Amino acid sequence: MEQQKVWVPDPGDGFVLGKIIDIGMDEVTVQPLDSKKPKQTCSLERLYTAEEHDNKDVDDNCALMFLNEATLLNNIKIRYSKDKIYTYVANILIAVNPYFEIRDLYSSKTIKSYQGKSLGVLPPHVFAIADKAFRDMKVLKQSQSIIVSGESGAGKTESTKYLLRYLCDLWGHAAGPIEQKILDANPVLEAFGNAKTTRNNNSSRFGKFMEVHFDSRCTVVGGYISHYLLEKSRICTQSPEERNYHVFYLLCAGAPDNLRSKLHITQPDDYHYLRQGCTQYFTSKTTEKNLNNSQKSNMHSKKGGLRDPMLDDVTDFKNMDEALNRLGLTPAERFELYSMVAAVLHLGNIAFEENLEGSKGGSSVTSGSEGSLKIAAGIMGVDPEELRQALVSKVMQTNRGGLKGTVIMVPLKVHEANSARDALAKAIYNRLFDNVVHRINKSIPFKASSYYIGVLDIAGFEYFTVNSFEQFCINYCNEKLQQFFNERILKDEQELYHREGLQVRKIEFVDNQDCIDLIESKGSGIFSLLDEESKLPKYSPDHFTLEVHRQWGTHFRLGLPRTSRLKLHREIRDDEGFLIRHFAGAVCYQTSQFIEKNNDALHASLEGLVQESQNPFLQSLFANSNNGTLKGKLTFISVGSKFKTQLGELMEKLRSTGTNFVRCIKPNQKMVDHQFEGGSILSQLQCSGMTSVLELMQQGYPSRAQFTDLYEMYRKFLPPELARLDPRLFCKALFRALGMNDNDYKFGVSKVFFRPGKFAEFDAIMRSDPDSLAAMVAKVKKWLLASHWKKAQWCALSVIKLANKIVYRRNCLITIQKNARMYLAKKRHRPRYRGIGKINGLQAMLTRMESVIKQLKKDKDSSASEVKALQKDMTAAIHNIKSNEKIKPEEINKLYTHLMNKANSQMGDLQKKLESQKIAEEKERMRKIQEDMERQRKLKEDEERRKIEEEENRIKKIEIEERRKAEEIIRRKQEEEDKKASKAVQVQLEKEALEDAKFRESMEQERRDLELALRLAQESNGQVEDLSPPMRRLASDYQISQTIFYNKPIRSENVRAHQAAINNNSKYDLSKWKYSELRDTINTSCDIELLEACRVEFHRRLK
């Protein structure tokens, strides 16, 4: 054991090879093979066995002998060093971004080579996934989806492009312009929806689901694009090393001079929305010469252009313009798009200052911004003064305190005017992006579709030093996708077992539904709480955050920021953010901008301004707006609710289709080729759920090999007489001879499946010393000889069994014939038997007649003779039925009916005679009763005496019964107390077991949180502090915070007394006012006393 190579965790490389030098009770000391690495002590759970040949790579990680996250990471690393960027885990493709062009990897010849090939026939490739999706659609007659996920810079967009290219090149050439239009959508969407970030030069800042539709002959007939959650905050602000959306820089660098002159476009430094971030262009050596000094920013002039093989702002404008042209947009329509982009830039240059001249205060446009105001107004087709008025004031409609319905203008402060300007710019760009996607969908010809293949390109799990509403929505989406991923992967694994004929129990997995419920639960979820807070007249991020902690404070998935492992996050106050433990690790969200980013509406003045614009295109962008206003308030349109609805529709689509997964991996943070950062990649694998898949597969049969592969693997070790065996027979003989446990492996139709680690044990036996190998060969020969002899015995026994079966079947046939004859005879004679049975049933009536005759005192003889005559008729009828075999059922029924009527008639006469006799006897009885009356009087006294005695006895019995019931109640109470005591002991034991299980789960979660925090700290040069023991401290911290929060005095006693005095002495009775009336009065009234009374009443109701 101590000589076995193992993988031990390492913060930088993920895992490093080492050898065990000491084994403790729960920990192991490992010496890394790299002499530069110090000794490490870790738990047994984090130690993984290494492959014998740790420098050998495989196409599918399921072919590894030891299936764990360390061997997975090592296999990806070896393949990446050989420029093999694709790897399988079963049917899941892992794609590592190479950051350079690999020769012939995506050529037309490569596309042709993968056509019609099953997974595993050729090396792993994104084309193989596309071909599998197409073949599944064609064979199963079901639409397919390909989910491409990964963090920013992992290569999702490029993988999506290659998937679409494969589908369109092979099956779209007959569709003519459809193929080109689907491919032309990419440069347009990248220009308007992609931007440079610190992690990716061409980061998609939105999610998209691109559908390629096919007809019944599996030919491309159309396409459709759905988009999700465009990052609107980037339009107004960016970090210093990031850029705004590409289209702004394409317009500055690549647009013709006359277009830039019409739109007043100069250089990035001249625009507020661009100069906050990086102002350098992406250029090449050739295109750099095409830029004049008036187009270059100061940063670009000093440092030169940015370099990226896939990006060039000068040529990309031409590519985008040509793509728009091929999509059917005329020059005038393209100018409309560019003019809206320019309008956003000029809007951003409008600055505000405090208005010192006006009596109402507020703000005004600075003198230096007048030019930008006029340019923006001209492009937008609105009056400059109206635009100025809409930006520095808002329209309010009074409800009380004045003429109802009066519209007033409320001046905005400087920061409010800036927010209004940014909201207008974001609304214009967001609707412009929606219009671009709509125009792309409209331009793609669409015929009758039978099936489609959809490619989902959406951001993977995100975590930064500062995480806001965008990261919250993206991670919520990834929680839903991870749940779907687990369910679908398990389903595929079960289907493989079914195809191979394996009887495997259903594999269970840990569900993340509790985290999804925390976010989306109706009424109490974080989205619902955010919407409720946004609807308040004066919303507060602090109040929203505290409400989240109040509602979900005891939930395992939610924590306080100070419980984070990252020191920077621990400085966030409890009312400024919250921490959610996602499936990939804990993320701390800052809630200061949650409410603003969740609202997608404009003020009435801005809404009305653009809707009445003289620019038809701008007017059309807002034509379908439902953003009406109510009494001057900003209408609330929830971005989170909209995204939740869109995500629900997307999940329904994914569940109704077959699914394939592509997990994109970013190899390093510097975005350079041939640099492998193991720690970062391991974290990405964990975030994408790949390590969870390995855990799931370990419960089944993750290691598998073809019979032919095993045969070829060990053929050289075997003598010629065994090497000639059929591969399946060879494997069967080998496993039986080695005496392997049947539970450790299963034979399928074409493969043998091993339990985790059992393939390695089998391999160790096969590669043992020659003496052991010779003994194993002897066992195989012995098993084959015994197998042949057993087969001969079985054949002889089978012949004997066959002879006995023939004799047995002959006897059975005779029995069948006998029963058939019996059935036919019964069928023929059944009416006679039943007729005789019914006539014999009348004998009971004759018996009753005789009993009645015996009771008669007159005419006994005549009645008896009539009964005898009836009996003779019955005997004659039975004799007739027995002797006449051909008698019909109708005749039998007629005889029976005649006899029954005759018997009923005679029975009726006898009963009448008996009734007359009883009446005479009754008169005689009444006479005797009169005589008995005298005797009854004498007996009455005796009866009363007897009743007194019985009453005394009854009272005694009651007393005895009451004593018995009292004793019974005492006994039952004692039994209930015994049961309660027993149940209390049982509950205590279960509670202790549950707390122990929760503590172990919390420890595992904290481990993942620590790894995630380590990575983030490494990226941001932050510090990580260890909190031990973490989960119990979390509980105590939460209790302390709850105590502080709920015991904190809300206000001083003086203020309470003051408000009580106001409530008592107020001249306004507001107790019967509705909540909406209070809220509208606070927003609109100018009456100071009324405002104060409304506020007091509003806060009283909130309490």
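All residue numbers for the sequence shown refer to my numbering, where the first residue is 13 and numbers rise by one.
From the three backbone atoms N, C-alpha and C, an ideal C-beta is built for every residue, glycine too.
Model, not experiment: these values are computed from the prediction.
(request) Compare the C-alpha of Ala207 against each of Asp1021, Ile531, Thr41, Ser251 and name the closest. (result) On the sequence shown, residue 207 is found 195 positions in, with the first residue counted as 1. The residue with the shortest Cα to Cα distance from Ala207 is Ser251.
(message) Between which residues of its own chain and Tyr300 is the CB-CB distance below 6 Å, once the five residues before and five after are set aside?
(response) By one-based count along the sequence shown, residue 300 stands at place 288. Checking the sequence, you will find Glu at residue 300 rather than Tyr. Excluding positions up to five away in sequence, the list reads Gly317.
(request) Would you mind reading off the limits of the alpha helix (DSSP H) that contains Ala389? (result) What you label residue 389 is simply residue 377 of the sequence shown in a count that begins at 1. Where Ala389 is concerned, the enclosing alpha helix (DSSP H) stretches over 382-392.
(message) If you follow the alpha helix (DSSP H) that Tyr350 is in, where does it begin and where does it stop?
(response) Counting from 1 along the sequence shown, the entry for residue 350 is found at position 338. Here the alpha helix (DSSP H) through Tyr350 covers 343-360.
(request) Counting only the same chain and skipping the five closest in sequence on each side, list residues whose C-beta sits under 7 Å from that of Ser228. (result) For the purposes of this step, residue 228 is taken as residue 216 along the sequence shown, with counting starting at 1. Excluding positions up to five away in sequence, the list reads Ser462.
(request) Could you check what DSSP says for Asn639 in three-state terms: helix, strand or coil? (result) Residue 639 sits at position 627 when you count from the first residue of the sequence shown. With a pLDDT of 49 at Asn639, under the threshold of 50, the modelled position of that residue is not reliable, and no figure is offered here.
(message) So, does the segment 82-89 touch the segment 693-701, judging by three or more C-beta pairs under 8 Å?
(response) With the cut-off at 8 Å, the segment 82-89 and the segment 693-701 touch.
(message) Taking the beta strand (DSSP E) that Lys969 belongs to, which residues open and close that run?
(response) Taking the sequence shown and counting its residues from 1, one reaches residue 969 at position 957. No beta strand (DSSP E) holds Lys969; the alpha helix (DSSP H) holding it covers 901-1032.
(request) Go ahead and pull the three-state DSSP assignment for Gly234. (result) As a first step, residue 234 must be located in the sequence shown, where it is residue number 222. Here Gly234 sits in strand by DSSP.
(message) What does the alpha-carbon distance come out to for the pair Arg574 and Asp526?
(response) As a first step, residue 574 must be located in the sequence shown, where it is residue number 562. As a first step, residue 526 must be located in the sequence shown, where it is residue number 514. So the alpha carbons of these two residues sit roughly 22 Å apart.
(request) Assess, as a yes-or-no matter, whether the segment 681-690 is touched by the segment 235-246 under the definition of 3 or more beta carbon pairs within less than 8 Å. (result) Counting C-beta pairs with one atom in each stretch, the segment 235-246 and the segment 681-690 have fewer than three that are closer than 8 Å, which means they do not touch.
(message) Please tell me whether Ile452 and Ala197 are closer than 8 Å, where the distance is taken between their beta carbons.
(response) For this step, residue 452 is matched to residue 440 along the sequence shown. For this step, residue 197 is matched to residue 185 along the sequence shown. Cβ distance < 8 Å, so Ile452 and Ala197 count as in contact.
(request) Compare the C-alpha of His358 against each of Asn367, Ser384, Gln288, Ala335 and name the closest. (result) Here the question's residue 358 lines up with position 346 in the sequence shown. Taking the Cα of His358 as reference, the smallest distance to any Cα among Asn367, Ser384, Gln288, Ala335 is reached at Ser384.
(request) Would you identify the three-state DSSP class for His841, choosing helix, strand or coil? (result) Numbered from 1 along the sequence shown, position 829 holds the residue referred to as residue 841. Looking at His841 - three-state DSSP - the assignment turns out to be helix.
(request) For Gln986, count neighbouring Cβ atoms within 10 angstroms of its own Cβ and tell me buried if that reaches 16, exposed if not. (result) Stepping through the sequence shown from its first residue, residue 986 is reached at position 974. Under this definition Gln986 is an exposed residue.
(request) Report the residue from Asn331, Gln401, Tyr441 whose alpha carbon sits nearest the alpha carbon of Ser9. (result) Because the chain here runs from 13 to 1115, residue 9 falls outside it and cannot be looked at.
(request) Measure from the alpha carbon of Cys180 to the alpha carbon of each residue in Ile114, Gln923, Ile465, then state which is nearest. (result) On the sequence shown, position 168 is the one that residue 180 refers to. Distances from the CA of Cys180 to each of Ile114, Gln923, Ile465 were compared; the closest alpha carbon is that of Ile465.
(message) On the DSSP letters alone, give me the boundaries of the alpha helix (DSSP H) that Pro23 sits inside.
(response) Along the sequence shown, read from residue 1 onward, the residue named residue 23 stands at position 11. That residue, Pro23, is in no alpha helix (DSSP H); it is neither H nor E in DSSP.
(request) Give the DSSP bridge partners of Pro44, in chain order. (result) Within the sequence shown, residue 44 is the residue found at index 32, counting from 1. Looking at the DSSP assignment, Pro44 forms a beta bridge with Gly30.
(request) Leaving out five residues on either side along the sequence, give the residues of the same chain with a beta carbon under 7 Å from the beta carbon of Leu868. (result) As a working mapping, residue 868 is identified with position 856 in the sequence shown. Taking Leu868 as the centre and dropping the five residues before and after it, the same chain places the C-beta of Ser875, Lys925, Leu926, Gln929 closer than 7 Å to its C-beta, in chain order.
(request) Taking only runs that begin and end inside the segment 94-167, name each unbroken alpha helix (DSSP H) of 4 or more residues, in chain order. (result) Taking only runs of at least 4 residues, the alpha helix (DSSP H) segments lying wholly in the segment 94-167 are 120-125, 138-152.
(message) Suppose you measure from the CA of Ala1047 to the CA of Glu689; what does that come to, to the nearest Å?
(response) Position 1035 of the sequence shown, counting from 1, holds the residue named residue 1047. Position 677 of the sequence shown, counting from 1, holds the residue named residue 689. Only weak support exists for where Ala1047 lies, its pLDDT of 41 falling under 50; the coordinates are left without a value.
(request) May I ask you to verify whether the segment 294-313 touches the segment 395-404, counting CB pairs closer than 8 Å and requiring at least 3? (result) No: the two stretches stay apart, fewer than three of their Cβ pairs being nearer than 8 Å.
(request) Note the first and the last residue of the continuous alpha helix (DSSP H) segment covering Arg443. (result) Reading the sequence shown from its first residue, position 431 is the one you call residue 443. From DSSP, the alpha helix (DSSP H) with Arg443 extends over 426-455.
(request) Using the DSSP secondary-structure output, state which residues sit across from His594 in a beta bridge. (result) For this step, residue 594 is matched to residue 582 along the sequence shown. The partner list for His594 (beta bridge, DSSP) reads Gly597.
(request) Count the other CB atoms, across all protein chains shown, that sit within 10 Å of the CB of Lys1; report buried if there are 16 or more and exposed otherwise. (result) Nothing about residue 1 can be read from this structure; the chain reaches only from 13 to 1115.
(request) Taking all protein chains shown into account, decide if Asn304 is buried (16 or more other Cβ within 10 angstroms of its Cβ) or exposed. (result) By one-based count along the sequence shown, residue 304 stands at place 292. So Asn304 ends up on the exposed side.
(request) For the alpha helix (DSSP H) containing Ile1094, list its first residue and its last residue. (result) Walking along the sequence shown from the start, residue 1094 turns up at place 1082. Residues 1087-1096.
(message) Taking 6 Å as the limit between beta carbons, can you name the residues of its chain near Leu722, skipping five residues before and five after?
(response) Taking the sequence shown and counting its residues from 1, the one referred to as residue 722 is at position 710. Excluding sequence neighbours, Leu722 sits near Cys743.
(request) Count the other C-beta atoms from every protein chain shown that fall within 10 angstroms of the C-beta of Pro628, then say buried if there are 16 or more, exposed otherwise. (result) Taking the first residue of the sequence shown as 1, we reach residue 628 at position 616. Pro628 should be labelled exposed.
(message) On the DSSP bridge list, what partners appear for Pro423?
(response) The residue given as residue 423 occupies position 411 in the sequence shown. Note: Pro423 sits in a beta bridge opposite Ser405.
(request) Please classify Gln495: is it buried, with 16 or more other beta-carbons within 10 angstroms of its beta-carbon, or exposed? (result) On the sequence shown, residue 495 is found 483 positions in, with the first residue counted as 1. Under this definition Gln495 is a buried residue.
(message) Taking 8 Å as the cut-off, does the segment 838-849 touch the segment 817-825 (at least 3 CB pairs, one atom from each stretch)?
(response) With contact defined as three or more Cβ pairs closer than 8 Å, the segment 817-825 and the segment 838-849 are not in contact.
(message) Measuring only the C-alpha atoms, how far is Arg670 from Ser157?
(response) Indexing the sequence shown from 1 puts residue 670 at position 658. Indexing the sequence shown from 1 puts residue 157 at position 145. According to the sequence shown, residue 670 is Gly rather than Arg. Taking the straight line joining both Cα atoms gives about 6 Å.
(request) For Gln681, name the three-state secondary structure that DSSP assigns. (result) On the sequence shown, residue 681 is found 669 positions in, with the first residue counted as 1. Residue state for Gln681 is assigned as coil, using DSSP reduced to three classes.
(message) Could you pull the DSSP bridge partners for His510 from this structure?
(response) Walking along the sequence shown from the start, residue 510 turns up at place 498. Partner(s): none; His510 has no beta bridge.
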